[in-house]
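One structure below.
There are 2 protein chains.
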Amino acid sequence: MSTIADVAARAGVAKATASRALSGTGYVAEATRERVRRAAEELSYVAHSSATSLATGRTRAVGVVMPSVARWYFAELLAGIQHALIENGLDLVLYSAVEGSSDRARMLDHALSRRRFDGLIAVCIQPAAHELERLAAMGLPLVTVGPVEPGLTGRGGMSMVSIDDAAAARVVTEHLIDLGHEDIAFVGGIPDTVRSGLGDEIRAEGYRSAMTAAGLAERVRVVRSASTMPDAFVAAADLLGDRRRRPTAIVGVCDEAAVGAIIAARRLGIAVPSELSVIGIDDHGFAEMFALTTIRQSPRAQGADAVRLLRMRLESPEARAERVIAPATLVVRSSTAAPRS
Amino acid sequence: MSTIADVAARAGVAKATASRALSGTGYVAEATRERVRRAAEELSYVAHSSATSLATGRTRAVGVVMPSVARWYFAELLAGIQHALIENGLDLVLYSAVEGSSDRARMLDHALSRRRFDGLIAVCIQPAAHELERLAAMGLPLVTVGPVEPGLTGRGGMSMVSIDDAAAARVVTEHLIDLGHEDIAFVGGIPDTVRSGLGDEIRAEGYRSAMTAAGLAERVRVVRSASTMPDAFVAAADLLGDRRRRPTAIVGVCDEAAVGAIIAARRLGIAVPSELSVIGIDDHGFAEMFALTTIRQSPRAQGADAVRLLRMRLESPEARAERVIAPATLVVRSSTAAPRS
Numbered sequence: 001m002s003t004i005a006d007v008a009a010r011a012g013v014a015k016a017t018a019s020r021a022l023s024g025t026g027y028v029a030e031a032t033r034e035r036v037r038r039a040a041e042e043l044s045y046v047a048h049s050s051a052t053s054l055a056t057g058r059t060r061a062v063g064v065v066m067p068s069v070a071r072w073y074f075a076e077l078l079a080g081i082q083h084a085l086i087e088n089g090l091d092l093v094l095y096s097a098v099e100g101s102s103d104r105a106r107m108l109d110h111a112l113s114r115r116r117f118d119g120l121i122a123v124c125i126q127p128a129a130h131e132l133e134r135l136a137a138m139g140l141p142l143v144t145v146g147p148v149e150p151g152l153t154g155r156g157g158m159s160m161v162s163i164d165d166a167a168a169a170r171v172v173t174e175h176l177i178d179l180g181h182e183d184i185a186f187v188g189g190i191p192d193t194v195r196s197g198l199g200d201e202i203r204a205e206g207y208r209s210a211m212t213a214a215g216l217a218e219r220v221r222v223v224r225s226a227s228t229m230p231d232a233f234v235a236a237a238d239l240l241g242d243r244r245r246r247p248t249a250i251v252g253v254c255d256e257a258a259v260g261a262i263i264a265a266r267r268l269g270i271a272v273p274s275e276l277s278v279i280g281i282d283d284h285g286f287a288e289m290f291a292l293t294t295i296r297q298s299p300r301a302q303g304a305d306a307v308r309l310l311r312m313r314l315e316s317p318e319a320r321a322e323r324v325i326a327p328a329t330l331v332v333r334s335s336t337a338a339p340r341s
Numbered sequence: 001m002s003t004i005a006d007v008a009a010r011a012g013v014a015k016a017t018a019s020r021a022l023s024g025t026g027y028v029a030e031a032t033r034e035r036v037r038r039a040a041e042e043l044s045y046v047a048h049s050s051a052t053s054l055a056t057g058r059t060r061a062v063g064v065v066m067p068s069v070a071r072w073y074f075a076e077l078l079a080g081i082q083h084a085l086i087e088n089g090l091d092l093v094l095y096s097a098v099e100g101s102s103d104r105a106r107m108l109d110h111a112l113s114r115r116r117f118d119g120l121i122a123v124c125i126q127p128a129a130h131e132l133e134r135l136a137a138m139g140l141p142l143v144t145v146g147p148v149e150p151g152l153t154g155r156g157g158m159s160m161v162s163i164d165d166a167a168a169a170r171v172v173t174e175h176l177i178d179l180g181h182e183d184i185a186f187v188g189g190i191p192d193t194v195r196s197g198l199g200d201e202i203r204a205e206g207y208r209s210a211m212t213a214a215g216l217a218e219r220v221r222v223v224r225s226a227s228t229m230p231d232a233f234v235a236a237a238d239l240l241g242d243r244r245r246r247p248t249a250i251v252g253v254c255d256e257a258a259v260g261a262i263i264a265a266r267r268l269g270i271a272v273p274s275e276l277s278v279i280g281i282d283d284h285g286f287a288e289m290f291a292l293t294t295i296r297q298s299p300r301a302q303g304a305d306a307v308r309l310l311r312m313r314l315e316s317p318e319a320r321a322e323r324v325i326a327p328a329t330l331v332v333r334s335s336t337a338a339p340r341s
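Residue numbers (the working numbering), protein chains in the order written: chain A, 1 to 341; chain B, 1 to 341.
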């Protein structure tokens, strides 16, 4: 196998120059860098990442922790993070485990004890106090994506990316109120194995505040279900089954819940939107197919934002932590209409 | 920050012993290992993964390449791989990029040039010849998951995990034939940005061979669409719209395609299963909700299998490459019935 000395000889430069050219650290003229790069390629030279890392103090990898990869939001976000990292020549070390599981308990300690990455992106995972202390002690910057416990937001040094969940829920509820609905139920929000329930609770609160502001506080109805399509399907079927108590509109805590409600309505022969309006939050990949009115957010763009914030901190440790409120826009399709009078 | 010498002093052992105890290499009595482990914990000792890796020649990480994480199969598989790796104290370095993209072209070269992992799991990605050569030259074992180009299966040293896609497609088609259907269309199979089309082509072939074996070769109808729910929805709506040419049953190339067909049927007022039978392959998370008859496969279990095969090769380089045919079983729900006579 070729060594750095072989590469240097072939390129006609000193070993130290070849090393600087390949690691990208320190000054090397562009033409020289190109010559060294070509020599390395011709010799199939492989730098050992561990050696590079010991020399530079950098691993050129980013850790990502998330409770799941098997739901739309997480998968899209991960795709956005991955793309941004590849563009910047950084590797992605993934730790996904459900909150409260034994995998989750081991995950960060394990990762930190190996010093495997230069910085961490935590998605909808609430780092424990001792984990935050360890990150800080090791000088590793942290970016969170998604809702964060109020107690954590005060911590210095933590950058954050999320939509304004409360505002999103208020906007969808107000859209239904503006159409003339008064009997509006909210479906979802039981913490399940994947969603901590924190973002869902904030969304339920947004629904309540919009109802209260419109003088509909007494009509508030939160139908609890896990925020998955099958669970919301069952909860909505229960809710819609009793004709006397049937609402004229449903706010799904997320699109999965809203689509579950639409499927339940179809099963019961209830026409959407003429007999029932349904609105969601997320603009899930299936929203278009169900003609769902919803709030559009882009987890892919949020993933790119998270990488950008992390790189700022990696490149200059004195850079301040930032908070990005990601865009979220109402997209009106045909699952919402004025109630039948 | 504590050093290995501090840990050794606290545990009352030699530095080399402490090092062996923490790296898990070489003989150390269990009680000693435990004492060292506790000392390390009390001192918040952090081993630098790069130093450990240079010393042992192992990174204790596994690379995973896949075209996407944003679809059910890939996300479930990744969850299975992740869980098995955490259990074995191995880290997961993720490279996901769509086949044919510039990210995909850079991905493996980049990963290999860093020697970031001890072995690789490639999911529905066809490694190029030069990539295979490089892996072999570096002595890194490879496990593929999902269908593999016939030209690649002959390569020694490559372990493989997949279901028998052709058999799965034959079984679902025969289920419809046994119910009395003769006019059976197959929906899906256009390669899209994520699916290479290889597995889909094998499934289409399985459908054709079952039809031919039943004397229905002239009834073979492959309706091409990308294998996503929205695309299959559009293709099925076209197919079902013309009452004179409407089949009595549809085989979806996968559950996403089958569910797209069910949604299209509902939109057109065609009752499933009394007017149209629909069957899929996969047992996707939504299959239950749509009462879909399908072939059940478990990508999570396949992920665990892939890690098991890789560990065998890592632990003894002379271990032979293995091929695992993952289980796939017919699950009959209520989307299939005898045709109306």
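Glycine residues also receive a C-beta, built at the ideal position from the N, C-alpha and C atoms.
Closer than 9 angstroms to chain B by CB, residue i
| i | result |
| --- | --- |
| L108 of chain A | no |
| H83 of chain A | yes |
| I125 of chain A | no |
| S209 of chain A | no |
| G119 of chain A | no |
| L92 of chain A | yes |
Straight-line Cα distance separating residue j from residue i
| i | j | result |
| --- | --- | --- |
| R115 of chain A | V65 of chain A | 15 angstroms |
| I263 of chain A | E133 of chain B | 51 angstroms |
| T228 of chain A | S316 of chain B | 43 angstroms |
| L108 of chain A | H130 of chain A | 10 angstroms |
| S96 of chain A | V62 of chain A | 14 angstroms |
| H181 of chain A | D305 of chain A | 37 angstroms |
| G139 of chain B | R311 of chain B | 14 angstroms |
| R60 of chain B | G197 of chain A | 34 angstroms |
| P191 of chain A | A235 of chain A | 15 angstroms |
| L54 of chain B | H110 of chain A | A caution first: L54 of chain B carries a pLDDT of 48, below 50, which makes its placement in the model unreliable, though a value can still be read off. Straight-line Cα distance between these residues: approximately 19 angstroms. |
| V223 of chain A | S277 of chain A | 16 angstroms |
| A18 of chain A | V36 of chain A | 6 angstroms |
| R145 of chain B | R267 of chain B | Rather than Arg, the amino acid found at residue 145 of chain B in this sequence is Val. Taking the straight line joining both Cα atoms gives about 36 angstroms. |
Short Cβ contact (9 angstroms threshold) for residue i with residue j
| i | j | result |
| --- | --- | --- |
| R20 of chain B | V28 of chain B | yes |
| I279 of chain A | Q297 of chain A | no |
| M158 of chain B | V324 of chain B | no |
| R246 of chain A | S209 of chain A | no |
| I86 of chain A | D103 of chain B | yes |
| G189 of chain B | A213 of chain B | no |
| A291 of chain B | A70 of chain A | no |
| A185 of chain B | A328 of chain B | no |
| V187 of chain B | G260 of chain B | yes |
| A122 of chain A | V143 of chain A | yes |
| L77 of chain A | G241 of chain A | no |
| R273 of chain A | W72 of chain A | First, the amino acid is wrong: residue 273 of chain A is Pro here, not Arg. No. |
Delimiting residues of the beta strand (DSSP E) encompassing residue i
| i | result |
| --- | --- |
| G199 of chain B | No beta strand (DSSP E) holds G199 of chain B; the alpha helix (DSSP H) holding it covers 198–213. |
| A61 of chain B | 61–66 |
| S102 of chain B | Counting along the chain, S102 of chain B falls outside any beta strand (DSSP E), though it belongs to the alpha helix (DSSP H) covering 102–114. |
| R323 of chain A | 323–325 |
Within chain E, partners of residue i - CB distance below 9 angstroms
| i | result |
| --- | --- |
| E288 of chain A | No chain E is part of this structure, whose protein chains are labelled A and B. |
Bounding residues of the alpha helix (DSSP H) (the contiguous stretch that carries residue i)
| i | result |
| --- | --- |
| F346 of chain B | This structure gives no information on residue 346 of chain B, because the portion of chain B shown stretches from 1 to 341. |
| T248 of chain A | No alpha helix (DSSP H) holds T248 of chain A; DSSP gives it neither H nor E. |
| G241 of chain A | 229–241 |
| G260 of chain A | 255–267 |
| F186 of chain B | Where F186 of chain B is concerned, there is no enclosing alpha helix (DSSP H), although the beta strand (DSSP E) it sits in stretches over 184–187. |
| G303 of chain B | 299–315 |
| D178 of chain B | 165–179 |
Any chain A beta carbon closer than 9 angstroms to residue i
| i | result |
| --- | --- |
| R296 of chain B | no |
| D242 of chain B | no |
| I86 of chain B | yes |
| D103 of chain B | yes |
| G89 of chain B | yes |
| F233 of chain B | yes |
| S96 of chain B | yes |
| R20 of chain B | no |
Give me the subset of the region 66–80 of chain A whose CB atoms are less than 9 angstroms from a CB atom of chain B, sorted by chain position.
S68, V69, A70, R71, W72, F74, A75, E76, L78, A79
Using Cβ-Cβ distances below 9 angstroms, what residues of the region 261–277 of chain A are close to chain B? I263, R266
task = Could you run through the region 319–334 of chain A and flag, in chain order, every residue whose CB is less than 8 angstroms away from some CB of chain B?
result = none
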